[in-house]
Amino acid sequence: MEKILEVKDLEVSFQTYGGSVKAVRGVSFDLHKGETLAIVGESGSGKSVTSQTIMKLIPMPPGQITGGKILFNGDDIVPKTDKEMEKIRGKEISMIFQDPMTSLNPTMKIGYQIMEGLIKHQNMSKQAAKQRAVELLSLVGIPMPEKRVNQYPHEFSGGMRQRAMIAIALAANPKLLIADEPTTALDVTIQAQILELMKDLQSKMDTSIIFITHDLGVVANVADRVAVMYAGQIVEMGTVDEIFYDPRHPYTWGLLASMPSVDNDDNQDLAAIPGTPPDLTNPPKGDAFAARNKYALAIDFEEEPPMYQISETHFAKTWLLHPDAPQVEPPDAVKKRIRQLSSTFKTPVLVKEDK
Amino acid sequence: MAKYIGKRLLYMILSLWLIVTATFFFMRIAPGNPFTSEKQLPPEIEANLNAHYGLDKPWYAQYGDYLLKVAKWDFGPSFKYKSQSVNDLINEGFPVSFILGLEAILIAVAFGLILGIIAALKHNRWQDYTAMIIAVAGISVPSFIMATFLQYFLAIKLGVFPVARFETFMHTVLPALALASTPMAFIARLTRSSMLEVMSNDYIKTAKAKGLSQGVITVKHAIRNALLPVVTYMGPLTAGILTGSFVIEKIFGIPGLGSHFVTSITNRDYTVIMGVTVFYSIILLASILLVDIAYGIIDPRIKLAGGKKGE
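Residue numbers (my numbering), protein chains in the order written: chain A, 70 to 424; chain B, 80 to 390.
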């Protein structure tokens, strides 16, 4: 399959008064055409920064890409200037933000907010753009689009605003859509509608999607592949089945164990991962998760674990996969789900760092 | 909209009545009368004068007469400037103050907005610091010192502009600049902070994610949203500047309305005090109304009560 995006060893840091915060520390992943990749992780794990860096939307300064490459259609966008990025933003790569209540300009008509991208990227006349805006609104399921184009955001409900945001993002038929927690601010029924809409539109338009979320339920629903981020690094990456049914990293175990399930019985407390993420001004030596990890080995505090490959598509960054590591049992909640997947290698393979 | 404006006009008349009443009685409570400042008058002559100006009647009769006359836009004769009515004073002084004020407002708004926007876009860079130094100077230097500086450098040293008087357009430049400096600085600071707040909003990021350039984002998305605090400040500012600044008019020898406002009080020139106060109030109330209407135009979320049908 055709690769649309390749991120290689991306490093992003922010200069603050307290020092330089290393928000993204060597992230690599790729994305195929028409595929949905979910990036999950808790707040501050660097998932939003990673995705905004792909569009170069992080404020620079204080933000800075300190290393790595972002190949979009084989073209590195890291050295591109703001002027060059304007031709990519909205046209090739679009973004949907978390809070539809604040992501639309309150003093501009919805229709015009959709038209802007069309006029800029497709050289449409105002009439043609307005016509297209009406079509887009009806495409994202907004009733009476002819009337709605002339309304302001405050006349839309939360779910409808997010639909309008999707219409804005898809206006110029982008090849890649980045959805930064698009359903977090919506209530559950609306969440389901928006997810259905995105899946539907993706199949129609063959767009690739990077879906950022901390909701594993949403991940299971939309994603083809999942990348789990912790402290600015991808700690485990694989297909949805691999992450949900054969997780290998203790952090992924923690996330899955802390997911409420209907089979949980009443007197059982919901599991939580103890502690807080490390301060990325001075990332800890060794494995960043070691301090919160009850499976941590002595070496986790000394040396950063390498990436191991468990199957063609499944990677995990933990010493537990080392041939000499002791056998550990994942938490019960995770053990219940584990299934033998046919694609798994006999033994994990160490991924060589190639430069 | 018409219903809303009608309602507001009714309230304006009510406020005006309150202002007239309060001014009328406060003025009478203040010791002295229009004729005390001159040498002791023989009682017969003072009685005659009082009778001439209707000051011998009981207070309620005077108050009633005055309300009737104000309703007919007649502020009566001035006590100090013989043979001149208050209407004459306003008709002569206001056009002068109006032209001067309008120039000052245009300067203040134009340069204030530009400085504020530049400062916000170049936040924490030299452009920002320069603009804010200008703004702090504008706020802290009183207008009469600014006026004297302008006169000394631009008029006396360089001879670009006339020093004083009010004849041609060139005569209006220096007083307008002096009058504009403080409000300009204020508007610059307001615009800067309001722009900074707006530029950090999510919808600016959305606009950027659409691929719009910084210029388009600023003009189409940011400025309109940043304008509300500035518009709020415009109401009282307009009224204050249009009716003239006593100090600036004195320094430049301009025959505007501002000087009447101040001198009439020391003169106990009852009718002038009343007339100028009522006139100032009308302009203030009118500019506040205009500001409220402008709100509704700038921000569609603000619906004028009784304007369109509710949602």
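Here a beta-carbon is modelled for each residue, glycine too, at the ideal position from N, C-alpha and C.
Item	Value
Whole runs of the alpha helix (DSSP H) within the stretch 202-234 of chain B, excluding any shorter than 4 residues	205-219 and 222-229
Pairwise C-alpha distance: A:Leu339 and A:Pro329	7 angstroms
Distance between A:Ala357 and A:Lys91 (C-alpha atoms, nearest Å)	12 angstroms
Inter-residue CB distance, B:Tyr374 and B:Ile381 (contact presumed, cutoff 8 angstroms)	5 angstroms
Coarse secondary structure for A:Ile165, derived from DSSP in three states	strand
Rounded separation between A:Ile179 and B:Ala301 - CA only	16 angstroms
Classification of B:Phe154 by the beta-carbon crowding that lies within 10 angstroms, buried from 16 upward	buried
Same chain only: Cβ atoms within 7 angstroms of B:Gly389, ignoring 5 sequence neighbours per side	Confidence is the limiting factor: at B:Gly389 the pLDDT is only 38, short of 50, which leaves the residue's position unreliable, though a coordinate-based value still follows. No residues qualify anywhere along the chain.
A:Pro400 versus A:Lys152: straight-line alpha-carbon distance, rounded	50 angstroms
Whole-number beta carbon distance between A:Trp388 and A:Ile368, since they are thought to touch under 8 angstroms	5 angstroms
7 angstroms Cβ cutoff, A:Lys404 in contact with chain B	no
Span separating the alpha-carbon of A:Pro225 from that of A:Thr258	According to the sequence provided, residue 225 of chain A is Phe. The question's Pro does not apply to it. Using only the alpha carbons, I get a separation of about 17 angstroms.
N- and C-terminal bounds of the alpha helix (DSSP H) containing A:Gln121	Lys116 to Ile123
A:Gly355 versus A:Val297: straight-line alpha-carbon distance, rounded	18 angstroms
Cβ-Cβ separation, A:Ala240 to A:Val209 (assumed contact under 8 angstroms), whole Å	Not a contact, Cβ separation roughly 11 angstroms.
Members of the stretch 360-383 of chain B that neighbour chain A once the beta carbon cut-off is set at 9 angstroms	Ile377, Asp378, Pro379 and Arg380
7 angstroms CB neighbourhood of B:Val252 in its chain, flanking five on each side removed	Phe240
DSSP bridge partner residues for A:Tyr377 (one or two, in chain order)	A:Ala385 and A:Leu419
Minimum Cβ-Cβ distance from B:Lys161 to chain A less than 7 angstroms	no
Nearest candidate by alpha-carbon position, reference A:Leu79, set A:Phe384, A:Lys125, A:Met164 and A:Ser194	A:Lys125
Element boundaries [alpha helix (DSSP H), containing A:Glu75]	Counting along the chain, A:Glu75 falls outside any alpha helix (DSSP H), though it belongs to the beta strand (DSSP E) covering Lys72 to Thr85.
Span separating the alpha-carbon of B:Lys387 from that of B:Met80	Bear in mind that a pLDDT of 45 at B:Lys387, under 50, signals an unreliable position, so the model cannot answer this.
Check whether B:Ala234 and B:Val242 have beta carbons under 7 angstroms apart	yes
Residues bridged to A:Asp151 (per DSSP)	DSSP lists no partner for A:Asp151.
Classification of A:Gln196 by the beta-carbon crowding that lies within 10 angstroms, buried from 16 upward	exposed
B:Phe114 vs B:Leu97 beta-carbon contact at 7 angstroms	no
Selected residue, minimal CA-CA separation from A:Glu361, among A:Ile247, A:Thr345, A:Arg217 and A:Phe414	The question names Glu, but residue 361 of chain A is Arg in the sequence shown. Of A:Ile247, A:Thr345, A:Arg217 and A:Phe414, the residue nearest in Cα terms is A:Thr345.
C-beta contact flag for B:Leu229 and B:Ile327 at 7 angstroms	no
DSSP bridge partner residues for A:Arg217 (one or two, in chain order)	None, per the DSSP bridge assignment.
Bridge partners - A:Gly136, DSSP secondary structure assignment	A:Glu80
Strand pairing of A:Ser89, partner residues [DSSP]	A:Gln84
Candidates B:Lys136, B:Lys284, B:Arg107 and B:Ile169, of which the one nearest B:Val357 by Cα	B:Ile169
Residues of the stretch 281-295 of chain B with Cβ closer than 9 angstroms to any Cβ of chain A, in chain order	Asp281, Tyr282, Ile283, Lys284, Thr285, Ala286, Lys287, Ala288, Lys289, Gly290, Leu291, Ser292, Gln293 and Val295
Straight-line gap, B:Phe248 to B:Ala214 (C-alpha atoms, nearest Å)	26 angstroms
N-terminal and C-terminal residue of the alpha helix (DSSP H) that A:Val209 is part of	Here A:Val209 belongs to no alpha helix (DSSP H), and DSSP marks it neither H nor E.
Cβ of B:Asn112 within 7 angstroms of any chain A Cβ	no
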